[in-house]
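Everything below concerns the one structure shown next.
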Amino acid sequence: MLARCSWCGSDPLYVAYHDTDWGVPEHDSRALWEKLVLDGFQAGLSWITILRKRPAFQQEFDGFDPARVALWDEDRIDRALSNPGIVRHRGKITATVRSANLFQKIEATEGFAPWLWSFVGGAPIQNAWPDMASVPTATPESMAMSKALKARGFTYCGPVITYAFMQATGMVNDHITSCHRHDAVRALSAG
């Protein structure tokens, strides 16, 4: 049996996410925006809840196309609020519409992906945690990212959320050293 980070447990969806997605360096601006939005929706909930609802989120939010979501009006927001397949939270939905507009401004001027990756110096931070208890919930880098996002007008992006985002998108390699994905993710970062 493969050794894994303990947070994914035995749920097949969680295990698949851990083994194929979590910690893999992501450099696509749209994909990064999607993950940032989903991490914001996670606030106060578990990630497995969001992961289970991710297909419904992707459908409801127009494939997480920022140009389309930026055009949402109150009627479109109300339609999303009636979808039981997503987290129906008006504040988080309106924050997503606002962030779609902010994304477009950053993407047009400096690139959303390069801007976010600048908080880790453009390359993944390679950690070597022996166990999950050693993994922090926030770091100076996630605090700086959170502060910068908030300064640009983003919400639901505190330092704990931004650190979870950094872990998910491979900006940091937080697979514990005994996990079968630790060295594989490190190798992806080197390539």
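Numbering (my numbering), first residue to last: -7 to 183. Cβ coordinates follow ideal geometry from the N, Cα and C atoms, glycine included. Values in this document were obtained by computation on a predicted structure and should not be read as measured data.
7 Å Cβ shell around residue i - same chain, five flanking residues per side excluded
i           : result
residue 150 : 138
residue -6  : 172
residue 24  : 18, 104, 105, 108, 161
Residue span of the alpha helix (DSSP H) that contains residue i, given as start and end
i           : result
residue 119 : Here residue 119 belongs to no alpha helix (DSSP H), and DSSP marks it neither H nor E.
residue 130 : Looking at the DSSP string, residue 130 is not in any alpha helix (DSSP H), and its letter there is neither H nor E.
residue 56  : Where residue 56 is concerned, there is no enclosing alpha helix (DSSP H), given that its DSSP letter is neither H nor E.
residue 148 : Per DSSP, residue 148 belongs to no alpha helix (DSSP H) and is neither H nor E.
residue 5   : 4 to 12
residue 105 : 104 to 109
residue 64  : Residue 64 -> no alpha helix (DSSP H), and no H or E assigned at all.
residue 87  : 82 to 101
residue 35  : It is not in any alpha helix (DSSP H) - residue 35 carries neither H nor E in the DSSP assignment.
residue 178 : 172 to 182
Cβ-based neighbour list, residue i, same chain, cut-off 8 Å, excluding 5 preceding and 5 following
i           : result
residue 162 : 15, 16, 17, 18, 116, 177, 180, 181
residue 13  : 160
residue 82  : 69, 73
residue 9   : 0, 43
residue 37  : 79
Member of the options whose CA lies at the smallest distance from the CA of residue i
i           : options           : result
residue 144 : 5, 78, 152, 108   : 108
residue 79  : 6, 105, 29, 141   : 29
residue 66  : 50, 51, 85        : 85
residue 20  : 157, 104, 51, 164 : 104
residue 31  : 152, 2, 0, -3     : 152
residue 50  : 37, 158, 33       : 33
residue 190 : 113, 126, 7       : In the structure displayed, the chain extends from -7 to 183; residue 190 sits before or after that span and is not available.
residue 53  : 126, 114, 75      : 75
residue 113 : 164, 41, 11       : 164
residue 156 : 175, 35, 11, 3    : 35
Contact belief for residue i with residue j at Cβ below 8 Å, rounded distance in angstroms
i           : j           : result
residue 147 : residue 87  : 5 Å
residue -3  : residue 124 : 6 Å
residue 77  : residue 45  : 6 Å
Nonlocal neighbours in the same chain, by C-beta distance under 6 Å from residue i, ignoring five residues either side
i           : result
residue 111 : 133, 136, 137
residue 141 : 149
Margin query: Taking contact to mean 3 or more Cβ pairs, one atom from each stretch, closer than 8 Å, check whether the segment 86 to 95 and the segment 49 to 61 are in contact.
Written below: yes
Margin query: Would the segment 106 to 123 count as touching the segment 162 to 171 if we require 3 or more Cβ pairs under 8 Å?
Written below: yes
Checklist line | Cβ contact (3+ pairs, closer than 8 Å) linking the segment 96 to 109 and the segment 126 to 133 | finding: no
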